[in-house]
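J.:
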Amino acid sequence: MAKTYNVFISHSWVHIDDLKKLRTLLNNRGYFDVEFEEASPDEPIDSENAEYIKTRLREKIRNANIVLGIAGIYASHSDWIEWELDTAIKNDIPIVGVIPRGQERISQVVYSRSKEDVRWNTESIVAAIRKWAN
């Protein structure tokens, strides 16, 4: 039976299309089973209370085998992405940076915390997940 990978994608709500594209890319990869743990517009955490949101996100990160950090430069300006990645590290969840298509510069917030950074390519991302996931 194939392993199912529980993946938490650290992303920016302002750049939600990157999250949707990455989910689609992984869902469409044959012979690769993935479940997603992060909050998304389809499954939001319905609260404005930061501590409650952090509690729920912490649970989701702990349930993940790996965290994918979308490494667009905008990630360097997000306190939430930094918090999510630091939470993953505190819980021994490996991080892989995924560099969006066409990006010349990448986020140091993601780069400095990732085990590996890969380009936006299905096989590269899947190989990194298989290599680093708990």
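For the sequence shown, counting from 1, position 34 maps to 34 in UniProt numbering; every step adds exactly one. Backbone N, C-alpha and C define an ideal beta-carbon position, used for all residues, glycine too. Since this is a predicted model, take the numbers as computed values, not measurements.
Going by the beta-carbon positions, is the gap between GLY97 and SER114 smaller than 7 Å?
T.: Yes, they are a contact pair.
J.: Excluding five sequence neighbours on each side, which residues of the same chain lie with their C-beta closer than 6 Å to the C-beta of THR122?
T.: Taken in chain order, the residues that qualify are LEU25, ARG29.
J.: What residue range does the alpha helix (DSSP H) around GLU51 cover?
T.: Element bounds for GLU51: 50-63.
J.: So, does the region 29-48 touch the region 72-80, judging by three or more C-beta pairs under 8 Å?
T.: Segments in contact, no.
J.: To the nearest angstrom, how far is the alpha carbon of GLU59 from that of PRO100?
T.: Roughly 26 Å separates the two Cα atoms.
J.: So if DSSP puts GLY97 in a beta bridge, which residue, or which two residues, is it bridged to?
T.: BP columns for GLY97 point to GLY69, ASP117.
J.: How many whole angstroms separate the CB atoms of ILE93 and ASN134, which I take to be in contact at a CB cut-off of 8 Å?
T.: That pair is a contact at about 7 Å.
J.: Identify every residue that forms a DSSP beta bridge with SER33.
T.: Residue identity check: residue 33 is Asp in the sequence provided, not Ser. DSSP output for ASP33 lists THR4 as bridge partner(s).
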